[in-house]
Amino acid sequence: MPTGWATLSGVFKVVGDRPSAAPLTIDKDQAVCAPGGRPVLSQEFVIGPDGGLANVLVFVSQKLPDEEPWTHSESRSGKSDEVLFDQKECVFLTRLLALQYTQPIRIKNSDPVGHNTSLKPKKNPAYDQTIPSNAAGLYQPKAEEDQPFPVACAIHPWMKAYMITRRNSYFAVTKPDGSFEIPNLPAGVELEFRVWQERTNFLQEVTVNGASEKWAKGRFKRTLTAGETTSLEVQIPSSLFQ
Amino acid sequence: MRAESIRSRLSFWTGRDALAAGLLLAFAAGCGAPEAEFRGNLVYVKRKEIEGQTEFTKPQSADMANILAAYFGTPDDPHLPKVPGLELGPLVDLDRVKMSAGKVASDKTGQPHGLYREHCVHCHGVTGDGLGPTAAFLNPYPRDYRMGRFKFKSTVKGQRPTHEDLRKILHDGVAGTAMPSFKVLDNDEVESLVHYVKYLSLRGEVERRLADEVVELSEGERLVLDVSEKDKNPESFNGKIARLNEIVTEVVQPWLEADGLAVPIEERTAGWEDPEAKAKSIARGRELFYGSIANCVKCHGDSALGDGQINDYDDWTKELDPAKPDTLSQYLALGALEPRNIRPRNLRLGIYRGGRRPIDLYWRIANGIDGTPMPAVPMKTPENEKGLTPDDIWNIVDYVRSLPYESLSKQDRQQPQITRERL
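Protein chains in written order, with this note's numbering: chain A, 1 to 242; chain B, 243 to 665.
Written out as structure tokens, the structure reads:
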């Protein structure tokens, strides 16, 4: 039985030779999507100046009962505030959107040209609608997904993003500096976490706090201590991004 | 003398002469042909192995095959999954499925059997995988039912087709493809085939979900335990069975809901058949076609020839990751068909695959086309001012239907006219 609440935090860094992002082929609406003719780079991996890896998803993968002492009242299911998913200059502004499946998603188009946003989840109904310029569509997920699903645009095929719907709020997406934090986790019990990044999929072999760890299919287990913050400094070899 | 002749007659039935005679009898009775078997979804399994950086072990693959056989039977002897609380009744009827299943035959009342094998197998394959013997020679390829996605239907993109949608495809065929019309068949026979298609689709979807489950298993874990474990380890055994039943329910649920989800068509505001009103409608449709709400020209091209976007793929091909040659070669080795781009429809030909009634075109525009990059148009709602009304969609339908008659669409004669000079 859980003994209290704890926080898991950390930072994901890429070590080794810095991989370079590939340029995308912009073959439509160049005036909007590649203004000034500048090259548009793929955001398949976004590595900050210190090696911080953005858009890494960390989430609790086991099914926890939805009430205390297993799930904190602030993290339980049932959130209903709307989440914004916007696109501008033919780029989805959120590369990896994580939310509870009870929350509706407002899919906005802040470009002067039309987009059609296509969501292909596994357990949820698919969505594929043209979103006119400066308009928005609404998508209400219905179920929890086990892994992120892709978001695309048929008119601008280089556009890409991912979304995942979860039951409770025990998930986090790393910021541009690679850091993340999941508060209010049940302490004193073994929790199974899963880590996913777009290019590497579920991360398998990493270095955590200096020691090498093997995460089978992206899973690692930790037991947290009540009232404490467990910090993980995860290093990922840059060879995975070449 | 007599005893010897009797003995020599008896000795014929022993030794190698008997073996030869036995084989002759066997072939004469038709026991030489192998029994039809469902083929596993090797391409999807491979894809999961590559994604998950793992390999399916022999027991795990055997589990998948056994579970599918337990739920769905074989091509000659089908049955439907028995899941507590799940009523497959009107969706898939076992008697109708049995009429389409099995070898081609007819009983003494003249009722046919083996309809699927008679009419469908050569393109769609025994497993409904779109990999029948003729498939590689067809453009477009025959449908692979196993994803549960069907293009031409009355429900919104992402939902399953209704029974009526599938029946229409069989009845009318798909113009511009190798799928013929089966309207010459009896109504009962068409109904039976529709049920069999649903049966194959459900089976294929369950197989994919099982493969998803296997990838998530920890090392050495299995999808289902041996019957011997039932008493030793009842919690684990029953837990696994419950999970499998859950998977089947998740697959069947959208099909059960589909029949109520056909997008209703609002009647057009009156007077549109009047030639002047029609011209206005076509002009308005052209405006919308080129406009920024429907964005049709972005894919269908400035001349509606389907040349606006030629590098995309349909969902069945996207699963093969055509842009990655290393994995693609592995899929091709397992029998996948060579990937082809999907081109937006050339609207100037007057050939509409999903049906050429105005309502069919309305559905394509309003719902999008499942399995393809064709999206649904946004509808005008109190929250969304920038949407189309049903009348707007009818205007686009009128414009699209007028395109083949424009002078730009006129097709030149393919052969020069042979004229004789008159003296």
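Yeah, the Cβ is synthetic: ideal placement off N, Cα and C, and Gly gets one too.
So what does DSSP say about residue i, is it helix, strand or coil?
i                : result
VAL151 (chain A) : strand
HIS115 (chain A) : strand
PRO19 (chain A)  : coil
GLY137 (chain A) : strand
PHE202 (chain A) : strand
THR230 (chain A) : strand
LYS645 (chain B) : One point to set straight first is that residue 645 (chain B) is Leu, not Lys, in the sequence displayed. Helix, per DSSP.
PHE241 (chain A) : helix
LYS88 (chain A)  : strand
VAL448 (chain B) : helix
GLY315 (chain B) : strand
TRP514 (chain B) : coil
ALA608 (chain B) : helix
GLU461 (chain B) : coil
Going by C-alpha distance, which of the options is nearest residue i?
i                : options                                   : result
ARG433 (chain B) : B:GLU406, B:ASN308 and B:GLY344           : Here residue 433 (chain B) is Glu; the residue named in the question, Arg, does not match the sequence. Of the candidates B:GLU406, B:ASN308 and B:GLY344, the one whose C-alpha sits nearest the C-alpha of GLU433 (chain B) is B:GLU406.
PRO317 (chain B) : B:GLY344, B:THR296 and B:ARG338           : B:GLY344
GLY597 (chain B) : B:TYR358, B:GLY415, B:GLN295 and B:PHE392 : B:GLY415
GLU627 (chain B) : B:GLU277, B:LEU435, B:TYR647 and B:ILE535 : B:ILE535
ASP66 (chain A)  : A:THR25, A:SER169, A:LEU97 and A:TRP196   : A:SER169
ALA6 (chain A)   : A:LEU191, A:TRP196, A:TRP215 and A:LYS217 : A:LEU191
GLU68 (chain A)  : A:VAL195, A:PRO2 and A:TRP215             : A:PRO2
VAL469 (chain B) : B:ILE309, B:GLN653, B:LYS324 and B:GLU291 : B:ILE309
How big is the Cα-Cα spacing for residue i and residue j?
i                : j                : result
ILE155 (chain A) : PRO615 (chain B) : 9 Å
GLU181 (chain A) : ALA34 (chain A)  : 35 Å
TRP514 (chain B) : TYR641 (chain B) : 13 Å
ALA268 (chain B) : ALA347 (chain B) : For ALA268 (chain B), the pLDDT reaches just 49, beneath the cut-off of 50, and the residue's location in the model is therefore unreliable, although a value from the coordinates is still provided. If you take the alpha carbons of ALA268 (chain B) and ALA347 (chain B), they lie about 20 Å apart.
GLY374 (chain B) : LEU408 (chain B) : 20 Å
GLU567 (chain B) : ALA304 (chain B) : With the sequence shown as reference, residue 567 (chain B) is identified as Pro, and Glu is not the correct amino acid for it. Their backbone Cα atoms lie some 29 Å apart in a straight line.
GLU145 (chain A) : VAL11 (chain A)  : 24 Å
ILE131 (chain A) : VAL398 (chain B) : 16 Å
GLY613 (chain B) : ASN583 (chain B) : 13 Å
VAL83 (chain A)  : ILE105 (chain A) : 5 Å
SER209 (chain A) : LEU232 (chain A) : It should be pointed out that residue 209 (chain A) corresponds to Asn in this sequence rather than to Ser. Roughly 6 Å separates the two Cα atoms.
LYS123 (chain A) : VAL60 (chain A)  : 18 Å
ILE489 (chain B) : LEU322 (chain B) : 14 Å
LEU185 (chain A) : PHE220 (chain A) : 15 Å
LEU645 (chain B) : PRO403 (chain B) : 29 Å
VAL699 (chain B) : PRO517 (chain B) : The structure shown has nothing for residue 699 (chain B), since chain B only spans 243 to 665.
GLY610 (chain B) : ASP128 (chain A) : 7 Å
ASP81 (chain A)  : TYR101 (chain A) : 11 Å
ILE660 (chain B) : GLU508 (chain B) : 52 Å
VAL466 (chain B) : ASN283 (chain B) : 19 Å
Determine, for residue i, whether the minimum Cβ-Cβ distance to residues of chain B falls below 8 Å.
i                : result
SER118 (chain A) : yes
THR130 (chain A) : yes
SER133 (chain A) : yes
GLN204 (chain A) : yes
LYS217 (chain A) : yes
TYR139 (chain A) : no
ASN55 (chain A)  : no
TYR127 (chain A) : yes
LYS221 (chain A) : no
ILE155 (chain A) : yes
ALA136 (chain A) : yes
ASP86 (chain A)  : no
GLY114 (chain A) : yes
Counting only C-beta atoms, is residue i closer than 8 Å to chain A at any point?
i                : result
ARG464 (chain B) : no
GLU293 (chain B) : yes
ILE584 (chain B) : no
ASP544 (chain B) : no
GLY418 (chain B) : no
ALA268 (chain B) : At ALA268 (chain B) the pLDDT is 49, less than 50, meaning the model places this residue with poor confidence; the figure from the coordinates comes in the next sentence. For ALA268 (chain B), the answer is no, since every Cβ of chain A falls outside 8 Å of its Cβ.
GLY374 (chain B) : no
GLN353 (chain B) : no
VAL505 (chain B) : no
ASP554 (chain B) : yes
VAL448 (chain B) : no
The alpha helix (DSSP H) with residue i in it runs from where to where?
i                : result
ASP414 (chain B) : 405–414
ALA216 (chain A) : Per DSSP, ALA216 (chain A) belongs to no alpha helix (DSSP H) and is neither H nor E.
THR165 (chain A) : First-last for THR165 (chain A): 160–166, but that is the beta strand (DSSP E), not the alpha helix (DSSP H).
In terms of residue numbering, what span does the beta strand (DSSP E) encompassing residue i cover?
i                : result
PHE193 (chain A) : 190–197
GLU529 (chain B) : That residue, GLU529 (chain B), is in no beta strand (DSSP E); its alpha helix (DSSP H) goes 517–532.
SER179 (chain A) : 179–187
TYR127 (chain A) : 127–131
Does residue i have its Cβ less than 8 Å from a Cβ in chain D?
i                : result
VAL456 (chain B) : Chain labels in this structure do not include chain D; the protein chains are A and B.
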